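Following: one structure in structure tokens, then a few remarks.
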Amino acid sequence: MEPTVIGETPARASFWQKAKAFGKKVVRYDDTEANRLGVPMVSVGDFARKHYRNPWYGTLNYIEGLFPFRRWILSYNLTWGMGDLISGITVGLVVVPQSMSYANVAGLKPEFGLYASFVGVVVYALFATSKDVTIGPVAVMSLQTHNAINHVLNTEAGRQYTDHPEIVAMALAFLCGVITLGIGLLRLGWIVEFIPAPAVSGFMTGSALTILAGQLPKLLGESKVNSNDPMYLIVINFFRKLPSAKADAAFGVSALVFLYFVRWMCNWIAKRYPRHARAAFFASVMRSAFVIIILTAASRAWVGTHYDNEKDYPISLILHVPRGFKHMGQPVLDRSLLGALGSELPASVIVLLLEHIAISKSFGRVNNYKINPNQELIAIGVTNMVGPCFGGYAATGSFSRSAIKSKSGVRTPVAGWVTAIVVLIAIYALSGVFYWIPNAALSAVIIHAVGDLIAPPALLYKFWLMNPLELLIFVAAVAVTIFSSVDYGVYVSVCLSAALLLVRIAHPRGHFLGVVHVQHENEGVVSTRQLRDVYVPMDNKDRMRDPSVVIRPPPPGILVYRVEESFTYPNASRMSDVILDKVKAETQPGKVISSVRAGDRPWNDPGPPNPWVIKAWRAMSFYYKRHPDAKSVEETRSEEVQANAHDPRPRLRAIVLDFGSVGNVDTTSVQVLVDLRNAVEIYSGHRVEFHFAQILSPWIRRALLAGDFGTGSIRRHVRELAAVVPEGAVGDPREVGRPRPPPRGVKFVEDGDNEHVETDKRMPSDDIEAQSHIQTEMQCEEDLKNSYSEFTGKPSNDVNSLDHSASINVPVLWNSELTPFFHLDVSGAVSAALESTYTTDIPPSDAASSTAGDAAKATA
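Per this note's numbering, the sequence shown runs over residues 11 to 870.
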């Protein structure tokens, strides 16, 4: 009886009841056996109640989450302040020379790197969920910016910016910031998880090698080498022009040697004298700033004393760096420029996201805290939207500076504001000093910094051990980046990663299972032994088990298959084919094809060829002259009939599917299960039970019930869940009306809504094949009795006439009486299959309703 809502009149309640009944009639509610029996299942309302949140509180939490600093700023103390002060100054001394160097990689003047560094460290502290990450110019993003600038300048719309490439760089940074901010606000940060670590490492390694090759000519002062060419051309031209090296080589090579020597010496001191490890660390951190100071002083003493004209300088210097923020203002965003930048945006955004998220997650794992990827994307987005207003270009997380910040003892993101003060002092107070910095020294700093981005051989070997296919993705990304460009390297790595993911989904792992008896002995005051059955794969192709372990197959006529991926539309048909092939290989058919008239056979299972055609072909090809010992067609067919008549294989009784690793199913996959059920029943000639073990989700259970699985009812209505062609329009009407052979040994009797099976005592005795099948079935019954006794420890009574009051209670999920084919484990499913009370031939009503089109589709 439907409950009446308080406040509603009886007439209104009656109206809703009628509307509900009408809706059930329209959707054919009672056609699904689970609904007709009243099986409880999860509903959309349950889902809504579980995930519903108060919009007001949800909005407040969303807004509060945009500013994480509110959680720790009120607890700030002096100890935190000292740690942030030291780490902030330390990072500031590193970020000044690095940002100027990376601006050189991007094809911009040094001051633009300082502007980007200042905005990055100031803004990130407001939105950060990582205390270690430092945002600013980085090598890979600078190289991508350089490529984007060259691309735009080579277009018709971008030629007007030839003298001002910073306009293109600012527009690129702003657009990347808008896209990244949108991804973060929409909470779509999970999309970066689709690109695996080897792919990221691949294009970063390729980019590092490209940057290194592009800086080699500047290191030696070779101005005739075009650094915009692909890496392999730069290296070739570098060695060709090597004799034309200038005095810059003295500054560049000495700086590079000094940087590597200081790092090696500091690492050696830290290991040899642990007490001085901290001092050695700070000395190593200062090496870049120290070498810049030394070489700047040397260039000032040499060039500034002996040369008055800039054109006569023997080495390349930075020259004029404006004091303060001279490029503040709104970035230029005209349509022609945006159109020219469109093709460069995807690769730029991917580099921006992946590098930062990878770095922030890495330091979160090391220092035991968890970042919020969406919030990190918001921080990057805001930084790159604000940065162009101050003259900065694209910025993201820097690995080297973040590592220095972490090791320096940073406590909170406030250290970024200390770094901003150091950068601000450099912008306003050191512009005159920057004039004398040799470009070769900056190239040495870049080469030394990007060397850490190149994946070492040990990492490649680990990729090989963990997944050789991902190593191929790494190699492909590196190769494409070296021989083409960074953006193509990014696209190749992303596409290959997506392709590998789709292949893994479409070609899932699955195994047919056997049973192993496992014994545990507990020694204590009372020694006890525990026995349990463990289902493991029958084959040992993966070499996962000891070869001496004996795997016993399931009982005769029962197949156990474990699905090791989500059972969804890309892989459902493949797994269904595997199961169907196993059924045909391990079990006997319900009717031997040789005993069926040729005209009654389906086209997709025609059986042996026409003997008259074979005779004619052999006569025309002189077959018997070439093979005088060959048997005649009649002898060959007679042997096949005798072999088929004594088929030792058991009859299929049940299929047990282990869904312990299945997280999702969909309409297509359930339809595939329905087709599989129809196919195996047509092949075996009787009903076959489908048992499901370890169903994880109530939504999987609901979907299976919609396909008439789990209830165990003989009456089935579901044949097409997603019919493309109406059910009555499939097949030839003559096939529907064609009489079918009556089932042997059983007949179905309908008594109202109840159905039961009665045994027909009349057995055909004049058919040799029929008698052989009967003998085989009797042997299968005997094997099943023995299997039941072995598995359950009960006497070997007739399995098909068990006393259910005395049978074991197999635990199942949610109402064992209504869903007896859903089980908690595989052992329970196999035991329930052994206890089944009906494994009978297909009743005439079902056989007649199976059209020729259905049969062809099910067995194809």
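Positions of the beta carbon are idealized from the N, C-alpha and C atoms, including for glycine. Predicted model only: the values in this text are computed from it and were never measured.
DSSP lists Gly524 as the bridge partner or partners of valine 546.
Listed in chain order, the alpha helix (DSSP H) elements of length 4 or more contained wholly in the region 46-81 are 54-61, 65-75. In the assembly as shown, tyrosine 171 is a buried residue. Its beta-carbon has 16 or more other beta-carbons within 10 Å.
In this structure, the alpha-carbon of glycine 123 lies about 6 Å from that of proline 147. For aspartate 591, the enclosing alpha helix (DSSP H) covers residues 582-596. Glycine 146 carries a strand assignment under DSSP once its states are collapsed to helix, strand and coil.
Collapsing the DSSP output to three states places aspartate 668 in a strand. Note: serine 408 is bridge-paired with Thr144 in the DSSP secondary-structure output. Distances from the CA of methionine 338 to each of Ala167, Ile665, Met180, Ile360 were compared; the closest alpha carbon is that of Met180. If one requires a minimum length of 3 residues, the beta strand (DSSP E) runs lying completely within the region 373-439 are 406-408, in chain order. DSSP places leucine 347 in the helix class (H, G or I) of the three-state scheme. Put simply, of Val680, Thr190, Arg661, Thr678 the residue whose alpha carbon is nearest the alpha carbon of glutamate 691 is Arg661.
When beta bridges are read from the DSSP output, arginine 711 appears opposite no residue. Using a Cβ distance threshold of 8 Å, phenylalanine 204 and alanine 508 count as a contacting pair.
Alanine 486 has its alpha-carbon roughly 39 Å from the corresponding atom of leucine 667.
Contact check for alanine 450 and aspartate 322: beta-carbon distance about 17 Å, past the 8 Å limit, so the pair fails to qualify.
The alpha-carbon of leucine 479 is positioned some 12 Å away from that of tyrosine 471.
The beta carbon of tyrosine 498 is closer than 6 Å to those of Val490 in its chain, skipping five residues each way along the sequence.
Contact between the region 176-196 and the region 107-119 is present: three or more C-beta pairs spanning the two stretches fall below 8 Å. Valine 342 carries a coil assignment under DSSP once its states are collapsed to helix, strand and coil.
Glutamate 354 sits in a helix when the DSSP states are folded into three classes. Taking all protein chains shown into account, leucine 481 has 16 or more neighbouring C-beta atoms within 10 Å of its C-beta and is therefore buried. Beyond the five residues adjoining it in sequence on each side, threonine 393 comes within less than 8 Å, by CB distance, of Val129, Gly130, Val133, Tyr134, Ile145, Gly187, Ala405 in the same chain, given in chain order.
Every alpha helix (DSSP H) of 4 residues or more that sits fully in the region 174-207 is shown, in chain order, as 175-195. Apart from the 5 residues on each side of it in sequence, leucine 95 sits with its Cβ closer than 8 Å to the Cβ of Ala425, Val428 in its chain, given in chain order. Listed in chain order, the non-local C-beta contacts of alanine 713 below 6 Å within the same chain comprise Val675, Val680, local neighbours out to five positions each way being set aside. For the 8 Å CB-CB criterion, threonine 100 and serine 418 form a contact.
Shown here, tyrosine 571 sits in a strand according to DSSP, grouped into three states.
Under the three-state reduction of DSSP output, proline 564 falls in the coil class, being neither helix nor strand. Taking leucine 153 as reference, the option from Ala113, Asp549, Ser576, Leu683 with the minimal CA-CA separation is Ala113.
Burial state of asparagine 64 is exposed, judged by a 10 Å Cβ sphere holding fewer than 16 other Cβ atoms. In the structure shown, proline 638 falls within a coil segment according to DSSP collapsed to helix, strand and coil. Nearest neighbour of arginine 659 by Cα position, chosen from Glu596, Thr42, Tyr633, Thr646, turns out to be Glu596. Listed in chain order, the non-local C-beta contacts of glycine 231 below 8 Å within the same chain comprise Ala255, Lys256, Ala257, Asp258, Ala259, Gly262, Ile325, Ser326, Ala450, local neighbours out to five positions each way being set aside.
Around glycine 33, the same chain offers no residue with a beta carbon nearer than 6 Å, after the five sequence neighbours per side are excluded.
Annotated as distal: valine 500 and valine 105, with beta-carbon spacing of 8 Å or more.
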